[in-house]
Each structure stands twice: as structure tokens, then as C-alpha cells.
Amino acid sequence: MKSTRSPRPARKAYTVVELLIVIVIVGILASVGISAMESWGEQMLPVAARRLAADLRLARQLAIDQNTTYEVQFDLTGQNYRIVHTGTATVPLLIDPLAPPGSSQSGYVVPMARYQSRSSQAAGVRFKSVRVPVENRTVTNIPFASTGGTGPTRSADTEITLIHGSGASETSLSLTVSWQTGQVWMP
Numbered sequence: 017m018k019s020t021r022s023p024r025p026a027r028k029a030y031t032v033v034e035l036l037i038v039i040v041i042v043g044i045l046a047s048v049g050i051s052a053m054e055s056w057g058e059q060m061l062p063v064a065a066r067r068l069a070a071d072l073r074l075a076r077q078l079a080i081d082q083n084t085t086y087e088v089q090f091d092l093t094g095q096n097y098r099i100v101h102t103g104t105a106t107v108p109l110l111i112d113p114l115a116p117p118g119s120s121q122s123g124y125v126v127p128m129a130r131y132q133s134r135s136s137q138a139a140g141v142r143f144k145s146v147r148v149p150v151e152n153r154t155v156t157n158i159p160f161a162s163t164g165g166t167g168p169t170r171s172a173d174t175e176i177t178l179i180h181g182s183g184a185s186e187t188s189l190s191l192t193v194s195w196q197t198g199q200v201w202m203p
């Protein structure tokens, strides 16, 4: 016996329901992607602070190991910092291992431009201040003696404040360097 049903015609288009499902899925993926991009910029602040803390610890350790003096110099206008040997001992030139290949910079220089947001609308990570709060004065360097501390040129802790964003969305993070031990900590 033959079926009397006629064969179903071939579909030539999507149904409205299928199109709505695709639009909803694309909308969800777009919102997740946008929020991930925004949070990526916010994550740069602790990343930059940890890198700065590691470099401060490196300068301190080099001063102790080589029985000489090093300092971390801050350029708030150029938004970078560098580790410089300031003692009398002969030491090898220190170069930033994370510098891009073929870069022309000499020495250990870290530009804060490395910590910019992917979005051009948000301001990246930058220095707000480097200061000795107890003495209410701004400084441009943190020296490390062969003992590891920042004395005898400092008699109080140094505070470095990094900021990200601008206006109402500005966030900050501070690092503190002990003048007695050179220990670096952040909240």
C-alpha cells in the first residue's frame, strides 16, 4: 500500500524561532566578551603592582648580594621606572628580561605603557605618586643599601601609588617599602 501523504517540501529558509535563538546566543556572547574586555583592564593594576614589587625586591637583593647600592628611579612624567646601580662596585649591566626583542633601551627600564587597557577609552595603569608620607614629601627614587634597607638617605617608609582608569572608575593600589629592611608589601 502506498502512502497518500505527499512528501514534505524542502525548506528554503530559517524559521523566526531559529533566528531569534541565534540572535539571543550572539547577544549573550557579545555581553560576555565586552565584560571580559573591561575586567581585563582592571586586572592590569594588580599585575603591574606585582611586577613593580618584584623589581623592588630584585634591586634590594642585588644590593645585598653584590655589597653595593642600587636604586629604583621613577619617571612620573614618562611613566616608567628603572633599576640603576649607584654603587662603586663593578657589576654587569642589568637588562629587563621582559623587554621586547630588538628594543633599543639600555638597562633595566619598565614602561607603564605595558599595562595599558585594550580599550582606548580607559586610561591604563600609571603612577600617581611616589612619596614618603610621614615627611609629606614626593621622591623620585628608592635607594637600596648593601644592608637591604633604604637608609641612611631615608628614615621613613616610601609609598608608591598606582592608578588605573579615570574619573569615577579610577582605582588605586599602593605599595610600601620599609626604610629599615627594604621589605615591599601591598594590601
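Numbers 17 to 203, taken from my numbering, label the letters of the sequence shown in order. C-beta: ideal position from N, C-alpha, C; glycine also.
| field | Residue burial classification, V209 (beta-carbon count within 10 angstroms, cutoff 16) | value | No answer is possible for residue 209: the residues shown for the chain start at 17 and end at 203.
| According to DSSP, what are the bridge partners of R98? | Under the DSSP definition of a beta bridge, R98 partners with Q89, V125.
| Do S171 and K144 have their C-beta atoms closer together than 8 Å? | 8 Å or more divides the Cβ of S171 from the Cβ of K144.
| Same chain, Cβ closer than 6 Å to M80, neighbours up to 5 away in sequence not counted | Met is not the amino acid found at residue 80; the sequence shown has Ile there. The residues are G164.
| said: Using a 10 Å radius around the Cβ and a threshold of 16 neighbouring Cβ atoms, would you call L176 buried or exposed? | reply: With the sequence shown as reference, residue 176 is identified as Ile, and Leu is not the correct amino acid for it. It is buried - the Cβ of I176 has at least 16 other Cβ atoms within 10 Å.
| said: Please classify L35 as buried or exposed, where buried requires at least 16 other C-beta atoms within 10 Å of its C-beta. | reply: exposed
| said: Is the beta carbon of T85 closer than 8 Å to that of S162? | reply: yes
| So who's on the other strand from W201, going by DSSP bridges? | BP columns for W201 point to T192.
| task | Under 8 Å by Cβ, that's how I've got A75 and L178 pegged, so tell me the actual separation to the nearest angstrom. | result | With a Cβ gap of about 17 Å, A75 and L178 do not count as contacting.
| Where do the N-terminal and C-terminal ends of the beta strand (DSSP E) with L178 fall, by residue? | 174–180
| Going by alpha carbons, who is nearest to Q95 out of P203, H180, W195? | Distance from the Cα of Q95 is smallest, within the candidate group P203, H180, W195, for H180.
| task | Please state whether DSSP places V148 in a helix, a strand or coil. | result | Of the three classes helix, strand and coil, the one that applies to V148 here is strand, per DSSP.
| field | Per-residue burial, E186 [other beta carbons within 10 Å of its own, 16 or more giving buried] | value | exposed
| task | Go to N157, then tell me how far its beta strand (DSSP E) extends in each direction, as first and last residue. | result | 157–160
| said: Only counting the same chain, and skipping five residues up and downstream in sequence, which positions put a Cβ closer than 7 Å to that of T154? | reply: S145, V146, R147
| said: Given this structure, state the Cα-to-Cα distance separating M128 from K28, to the nearest angstrom. | reply: 56 Å
| field | Beta carbon of Y97 nearer than 8 Å to that of V107 | value | no
| query | When every heavy atom of the ligand GDP is checked, does at least one fall within less than 7 Å of the C-beta of E175? | reply | Looking for the ligand GDP in the displayed structure turns up nothing, as the structure carries no ligands at all.
| query | So V150 packs on G123, CB below 8 Å; how close in whole Å? | reply | Going by Cβ atoms, the distance from V150 to G123 rounds to 31 Å, so no, they are not a contact pair.
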